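See structure below.
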Amino acid sequence: MKHYDVFGIGNALVDILIPTEDSFLQKMGWNKGIMTLVDAEVQGGVLTALDGHKKELRSGGSAANTMIALANSGGTGSYTGKVSEDTYGEFYKQDMEKAGILFEVPPSKEGHTGTCVILTTPDAERTMLTHLGISSTLTKQDLDLEKLKASSYSYVEGYLWDGPSTKEACLLAMEESKKAGVKVAFTFSDPFCVNRSREDFLKLTKEYCDLVFCNAEEAKALAATESKEDALKFISSICKNVMMTDGSNGAFVSVNGTISHIGGFPAQKLLDTTGAGDCFAAGVLYGLTHGFSSENAARWGNYVASRIVQEIGPRLSVRLMGRQDEILGKTRS
1 MKHYDVFGIG
11 NALVDILIPT
21 EDSFLQKMGW
31 NKGIMTLVDA
41 EVQGGVLTAL
51 DGHKKELRSG
61 GSAANTMIAL
71 ANSGGTGSYT
81 GKVSEDTYGE
91 FYKQDMEKAG
101 ILFEVPPSKE
111 GHTGTCVILT
121 TPDAERTMLT
131 HLGISSTLTK
141 QDLDLEKLKA
151 SSYSYVEGYL
161 WDGPSTKEAC
171 LLAMEESKKA
181 GVKVAFTFSD
191 PFCVNRSRED
201 FLKLTKEYCD
211 LVFCNAEEAK
221 ALAATESKED
231 ALKFISSICK
241 NVMMTDGSNG
251 AFVSVNGTIS
261 HIGGFPAQKL
271 LDTTGAGDCF
281 AAGVLYGLTH
291 GFSSENAARW
301 GNYVASRIVQ
311 EIGPRLSVRL
321 MGRQDEILGK
331 TRS
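Laid out in structure tokens, this is it:
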């Protein structure tokens, strides 16, 4: 028996959610609706300019969002990400563990915990300013290999492939997973990540991955084609299990080359698609570690994703634990 369902690895960022007006974005010169990487000085200036505004803090980062939604579904896991010995780092640990995910990576005595300032305008558009901070210095020494070996799956985010030390940590996690019989799940994260590191992603997918997550755009980038169908067939030829999301069209599941389409769940009010892919992965990982068939795991992933797009921010306000029979019916295998 494994002690944890999933061992997650990713960037550790504190999300700072702040409602604001279009006029503020225009005044600061930020492009609305996109994510921009900024340095510590710029991030500090933004927060100073927003002093007095209502702020909400959340522990975040793509893989962290997946782990938190996994716990919301009733799964167990531990998360590895790098924070600093500062106020945000202390908050991050407390918030992850409050959400039900173990977070025991020793904080760094240097640098600043990474932050993502999320500016939400009245039309629900989100403009994100991300300072990676100390999160980009995660090393293979930060991995607790005993917790990894005690997990059913390791889950690695593609965003980590942008730095030399984080890349080493990814490789070690995948190698140790294979040695210990832990299944490797990898998310491509973003088409830009795929385009920057396409040859590496191909190699990882072929040699290490038991399961890959991607959306249609990421799949097309990896397969170097404009056809999502051809892209899925290509990835299915190099990885046994593939989960490809396709927005409101639901998801496509490939198991040993056999492809099926899993319809999505309607969202009563579409507020914010940020985090939908993260929550889909959470639902799938919950299902696969609790005896669901791949198709029913994807159905649960679709349901979790359908709930997050009705929220502002990447955190569910509803508790989904124990609702699988109600939503999917009792036949899951």
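Following UniProt numbering, the residues of the sequence shown are numbered contiguously, the last one being 333. Note that the Cβ used here is the ideal one computed from N, Cα and C, for glycine as well. Owing to the predicted nature of the structure, the values given are computational and were not obtained by experimental measurement.
Go through its chain and collect everything with a Cβ distance to residue i's Cβ below 7 Å, but skip five positions before and after it.
i	result
Ile262	Gly250, Ala251, Val253, Glu295, Ala298, Arg299 and Asn302
Leu172	Lys140 and Leu143
Lys147	Tyr4, Phe7 and Ser78
If you drop the 5 nearest sequence neighbours on each side, which residues of the same chain put their C-beta closer than 6 Å to that of residue i?
i	result
Pro19	Thr120
Val38	Leu129 and His131
Lys240	Asn256
Ser136	Gly163
Leu288	Ala297
Asp22	Thr121
Thr36	Leu129
Glu157	Gly10, Ser62, Ala63, Thr187 and Ser189
Just mark residue i as buried or exposed, buried being the case when its beta carbon has 16 or more other beta carbons within 10 Å.
i	result
Lys183	buried
Ser236	buried
Lys82	buried
Asp325	exposed
Asn256	exposed
His3	exposed
Met244	buried
Thr48	exposed
Lys220	buried
Ala282	buried
Gln43	buried
Lys93	buried
Thr258	exposed
Asp95	buried
Write down the C-beta distance between residue i and residue j rounded to the nearest angstrom, noting that I regard them as a contact closer than 8 Å.
i	j	result
Asn65	Asp246	Not really, about 20 Å apart at Cβ, beyond 8 Å.
Leu202	Thr166	Leu202 to Thr166, Cβ: 19 Å. No contact.
Leu271	Ile312	6 Å
Ser62	Tyr159	6 Å
Ile308	Gly275	5 Å
Val14	Ser78	At roughly 19 Å, the Cβ-Cβ gap does not stay under 8 Å, so Val14 and Ser78 are not in contact.
Thr80	Val105	6 Å
Helix, strand or coil for residue i per DSSP?
i	result
Arg196	helix
Cys279	helix
Leu211	strand
Ser73	helix
Asp5	strand
Gly301	helix
Ser293	coil
Cys170	helix
Pro19	strand
Leu50	coil
Phe103	coil
Lys183	strand
Val309	coil
Gly29	coil
Met321	coil
Asn11	coil
Ser227	coil
Phe234	helix
Gly264	coil
Ser189	coil
Asn65	helix
Here's a check: name, in chain order, each residue in its chain whose Cβ is nearer than 8 Å to the Cβ of residue i, leaving out the five neighbours to either side.
i	result
Lys269	Gln310
Glu110	Ser84 and Ile134
Leu222	Phe188, Val194, Arg198, Phe201, Leu202, Thr205, Cys214, Ala231, Phe234 and Ile235
Glu217	Pro191
Using a C-beta cutoff of 7 Å, does residue i count as contacting chain D?
i	result
Val253	Of the protein chains in the structure, only one exists, and it is not chain D.
Does the region 66-75 come into contact with the region 311-330, if we say contact requires no fewer than three beta-carbon pairs (one atom in each stretch) closer than 8 Å? yes
Is the region 182-194 in contact with the region 206-223, if contact means three or more CB pairs nearer than 8 Å? yes
Would you call the region 32-45 in contact with the region 75-91, where contact means no fewer than 3 C-beta pairs closer than 8 Å? no
Per the contact definition of three or more C-beta pairs closer than 8 Å, is the region 102-120 in contact with the region 160-180? no
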